[in-house]
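Asks: Just so you know, the sequence shown maps onto residues -11 to 150 in my numbering. The beta carbon of each residue, even a glycine, is placed where N, CA and C say it ideally should be. This structure is a prediction, so every number in the text was calculated from the model and none was measured.
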Amino acid sequence: MERCSNVWDLKLIHAYMLRTHLFFDLFAVSRLVAFCVHSSNLLHYAIKLVSQIQSPNLFIYNALIRGCSTTQNPENSFHYYIKALRFGLLPDNITHPFLVKACAQLESSAMGMQVHGHIIKHGFEHDCYVRNSLVHMYATVGDIKAARSIFRRMRLLNICIY
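(1) In whole angstroms, what separates the C-alpha of E113 from that of H9?
(2) What number of angstroms, rounded off, separates the C-alpha of A98 from the C-alpha of Q42?
(3) With DSSP as the reference, label F75 as helix, strand or coil.
(4) What ranges does the beta strand (DSSP E) occupy inside the stretch 4 to 37, keeping only unbroken runs of at least 3 residues that lie completely in it?
(5) Extract the residue ranges of the alpha helix (DSSP H) inside the stretch 84 to 140, only unbroken runs of 4 or more that lie entirely within it.
(6) Taking DSSP as the reference, what is the three-state secondary structure of N64?
(7) On a CA-only basis, which of F15, L14, L20 is nearest A3? Give me that one, please.
(8) Assuming H110 contacts L77 under a Cβ cut-off of 8 angstroms, what Cβ separation, rounded to an integer in Å, is found between them?
(9) Can you give me the start and stop residues for the alpha helix (DSSP H) that N50 sits inside?
(10) Less than 7 angstroms between the beta carbons of V129 and G100, yes or no?
(11) By the three-class DSSP mapping on this structure, what secondary structure does S43 have?
(12) Report yes if the C-beta distance between A198 and A51 is below 7 angstroms; otherwise report no.
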């Protein structure tokens, strides 16, 4: 997969995975989805792949959330977040920063506060990466007071936050 350089190669790999039943191996298909997500013009292909998987895992949903958070339509990230929750998958410290990034892209403080609530509910409010993304999001949407509050409560300040 590392040598895959275009859509044609990707489709060949996908066909091979279907022929050899590797497509039903979540690890293998996760790598394929992650590869697609890293290229914005292949995100639609990743979405098609995921629609064919009976029980996608959190890694796959995180990849889609990440991919959507950097597109022209970052609100699609929330669609996959909700789908993951409906499948009974609990978010992790990878899920939340990409949701927060989508809020920053949308410049939506209301959505950001909802995501912040989910972060607290799921117990990730002390995670360094999650906090960094919250500070950035609140600053982006113009809520400097909230950004400063989170920044001041950080136990470990790191180079990323500055």
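Replies: Result, derived from the coordinates:
(1) 40 angstroms
(2) 33 angstroms
(3) coil
(4) none
(5) 97 to 109, 116 to 128, 132 to 140
(6) helix
(7) L20
(8) So it is not a contact: roughly 11 angstroms between Cβ atoms.
(9) 46 to 57
(10) yes
(11) coil
(12) Lying before the first or after the last residue shown, residue 198 is absent from the chain, which here runs from -11 to 150.
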